[in-house]
Amino acid sequence: VRPYGLGADYVVHSATKYLSGHGDVLAGVVACSEEAAAGLRERQKVLGANLGPQEAWLALRGLKTMPLRVREQCRNAAAVAGWLGEQEAVAQVLYPGRPDHPQHEVATRLFGGRGYGGMISLEIRGAGRAEVFRFMEALRLVQPATTLGDVYSLVLYPAMSSHRALTAEQRQSLGIGDGLVRLSVGIEDPDDIIADLEQALRAAR
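According to the numbering used here, the sequence shown is numbered sequentially starting from 0.
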């Protein structure tokens, strides 16, 4: 997505995720016009929100490989999402590249044929927290994490992380049940990712 083309004045990115892409930087980026940046620089100076030189170098290093990484992540995610959609153990797959995704047409228009990203949400059929924990503990290649968008495939459990402050009813109203897992697909061989997910889904039963 290119927000400037849609009329945005400021574009905010987490450089922790895809921009640096190696899980070793905590950083953010605000992109804007030179005029808009003048006011931000003063706040940045006063508040001390400056990257250290090592973090800045790591983020710059990651940017150099971003097109290669993201292209591979998109390709792998499409393969993994296709496989997940065929599994009896999976009740639902949410990936904007799938024609059955509610916003597939919007994503196709916004992403302009450059891929649909590396993020997949899957709901393990009939699973509660115990089954999801078994699934995550059984994973060998895919690793549990608190952040996403890395070169490695990572998995996150929203009910216990990003949405833990919500009640069960609030989560359900947002479509975030106890069986929902978020998967950030990395650059490993897609067959290896699928094999790991397959054995973990068996272990979750």
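Idealized CB from N, CA, C, for every residue including glycine.
query                                                                                                   : result
Backbone secondary structure at residue 122 - three-state DSSP                                          : strand
The region 102 to 109 touching the region 133 to 147, judged by at least three CB pairs closer than 8 Å : no
Which residues DSSP lists as bridging residue 27, in chain order                                        : 13
Any alpha helix (DSSP H) of 4 or more consecutive residues that is wholly inside the region 179 to 204  : 189 to 203
Inside the region 50 to 94 only - beta strand (DSSP E) runs reaching at least 3 residues                : 89 to 93
Which of helix, strand or coil DSSP assigns to residue 102                                              : coil
Beta-bridge pairing of residue 153 - partner residues as DSSP gives them                                : 142 and 183
Buried or exposed (CB count within 10 angstroms, at least 16 for buried), residue 0                     : exposed
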